[in-house]
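Engineer: Under this note's numbering, the letters of the sequence shown match residues 4 to 100, in that order.
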Amino acid sequence: MPNTQPAITYTSYLKIEEILQLQQPLSNGPEHDELLFIIIHQSYELWFKSIHHELARAQDVLEEGDTHTALGLLGRVRTILKVLVSQVDILETMTPL
4 MPNTQPAITY
14 TSYLKIEEIL
24 QLQQPLSNGP
34 EHDELLFIII
44 HQSYELWFKS
54 IHHELARAQD
64 VLEEGDTHTA
74 LGLLGRVRTI
84 LKVLVSQVDI
94 LETMTPL
């Protein structure tokens, strides 16, 4: 019996079309930077989810006595936090209202 499942693509796996529909500015005016504001903050929320995921796994492996893996996961969290801090630079380019 042939596989009738559609091929997994980058776009379908990451649900790119759905993600790109989630930026819905509320203003009706010329607030050009509103889209940037939404994108930056949505990306923060995704990174926070990733941090939570990594910390939960780090806790699990620490409880199993695997400090090497836990340190690697904590290093990843540190790197994500550095990315979050660097995104503030983008916010600072926004035109003040």
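Glycine included, every Cβ here is placed at the ideal spot set by N, Cα and C.
Mind checking which residues open and close the alpha helix (DSSP H) that includes residue 63?
Structural biologist: Residues 37-66.
Engineer: Just to confirm, is the Cβ distance from residue 60 to residue 76 under 8 Å?
Structural biologist: Taking 8 Å as the Cβ cut-off, residue 60 and residue 76 qualify as a contacting pair.
Engineer: Mind reading off the beta-carbon distance from residue 95 to residue 79? Whole number of angstroms is fine, and I expect it under 8 Å.
Structural biologist: Between residue 79 and residue 95 the Cβ distance is about 26 Å, and since that is not below 8 Å, they are no contact.
Engineer: Given that a residue counts as buried once 16 or more other Cβ atoms are within 10 Å of its Cβ, and exposed if not, what is residue 10?
Structural biologist: So residue 10 counts as exposed.
Engineer: What's the gap between the Cα of residue 93 and the Cα of residue 36?
Structural biologist: Cα-Cα distance, rounded: 11 Å.
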